[in-house]
Structure formats: structure tokens, C-alpha cells
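Colleague: Residue numbers 586 to 739, in our numbering, belong to the letters of the sequence shown in order. Built from N, CA and C at the ideal position, the CB exists for glycine as well. Sharing a structure here in C-alpha cells format.
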Amino acid sequence: LAVAEHAGEFDKIIQLSQRFPGFIFPCLGVHPVQPTALGEQRCVSLEDLDAALPLIEKYKEHLVAIGEVGLDFSPRLVGGEGDKDRQRQVLVRQAEVAKRLDLPLNVHSRSAGRPTIQLLKELGVEKALLHAFDGKPSVAMEGVKAGYYFSIPP
């Protein structure tokens, strides 16, 4: 899987998947952490998503998942509830796209395991992979019961 984190990567990922069909499979989405021009990181914005949605629509027939999407409530990144709310809004809209296209979500959930799983369940998401999950086993079990898959970091 070639997984995008922002719209600037979409064309390149699609080109790679077309150059190596059956070997590279594209996932397009907007990650909750976005790069800045200075090489730093910031929380995702609705404008980031607005730039990505037309491209997701354009390439929808090529996609195997929507991602990488999710929530990242790391203290170094999140300045308050406003940042968390924006991340939730962006995740909600991408979950709606995934459901409409009948695609799974590739989900990032750093320092936000429980809120991520709760939101996915509230949205009726049925197909999700929570990669590099760093939450408690009891929280992961809530996702397992919902049918979600997990990858766990060392």
C-alpha cells in the first residue's frame, strides 16, 4: 500500500500505482498532522481537506482505501479543543467519503485511541485498519468488537 498524508502526494502515488500495477495499491487521504513550509508540523485544517477531496473523487476508481486519516492528540501538536475539533471534522468527512465509495479507512490514532474508535463507531464505519495503534488493549478490544483491524508498533 502506498498511503498519502496530504493532497501534494496524491498524483505521485497514483503514478506509482499505474507504473507498478498489482504491486503498489493507492490510498489517498489527509493525515491529522500536516507539514509546514518550514519543515515543522501542524494540525490539519478544513482547507487541507478541501484541497484533497476533488483529487480523491478524481482517482476514486484506483483506490483501495481512504487514508491515512485519523486523530493525533499528541500534546506537542494539539494546542486545545479547537485543534481536536478540526481533526474530528476532517476525519468525519473522510469517513463519509469512504462509506460512500465502499472503501476501508487506514486510520492513524496517536494519543487518541479511545476517541478515534468511539468516533468511527458513531459514524457507522465498518471497515478500518488502525495502524501503529498505541492505545490500551481494552480500548483495542472495543475496535475488535466493531470489526476493525489493528497493527501494533513494537
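List the whole-angstrom C-beta distance separating residue 626 from residue 662, where the pair is believed to meet the contact cut-off of C-beta under 8 angstroms.
Modeller: The pair is a contact, with the Cβ atoms about 6 angstroms apart (cut-off 8 angstroms).
Colleague: What does a CB cutoff of less than 6 angstroms around residue 734 pick up in its chain, not counting 5 residues either side in sequence?
Modeller: Taken in chain order, the residues that qualify are 714.
Colleague: For the segment 691-698 and the segment 608-621, state whether three or more C-beta atom pairs, one from each stretch, are separated by less than 8 angstroms.
Modeller: Yes, the segment 691-698 touches the segment 608-621.
Colleague: Between the Cα of residue 637 and the Cα atoms of 729, 589, 717, which residue gives the shortest distance?
Modeller: Per the Cα distances, 589.
Colleague: Distance, Cα to Cα, residue 731 vs residue 647?
Modeller: Cα to Cα, residue 731 sits roughly 27 angstroms from residue 647.
Colleague: Quick one: Cα of residue 598 to Cα of residue 631, how far?
Modeller: Taking the straight line joining both Cα atoms gives about 22 angstroms.
Colleague: Which stretch, first to last residue, makes up the beta strand (DSSP E) that contains residue 614?
Modeller: Careful: residue 614 lies outside any beta strand (DSSP E) and carries neither H nor E.
Colleague: May I ask which residues mark the beginning and end of the alpha helix (DSSP H) holding residue 698?
Modeller: Taken as a continuous stretch (DSSP letters only), the alpha helix (DSSP H) holding residue 698 covers 698-707.
Colleague: Is the beta carbon of residue 586 sitting closer than 8 angstroms to the one on residue 612?
Modeller: For residue 586 and residue 612, yes; Cβs fall inside 8 angstroms.
Colleague: Taking only runs of the beta strand (DSSP E) that begin and end inside the segment 659-732, which ones reach a length of at least 3 residues, in chain order?
Modeller: Counting whole runs of 3 or more residues, the segment 659-732 contains the beta strand (DSSP E) stretches 690-695, 713-715.
Colleague: Using three-state DSSP, classify residue 595 as helix, strand or coil.
Modeller: Helix at residue 595.
Colleague: Can you give the Cα-Cα distance for residue 644 and residue 725, rounded to whole angstroms?
Modeller: Approximately 32 angstroms between the Cα atoms of the pair.
Colleague: By a C-beta neighbour count over all protein chains shown, 10 Å radius and 16 as the cutoff for buried, is residue 720 buried or exposed?
Modeller: Buried is the call here.
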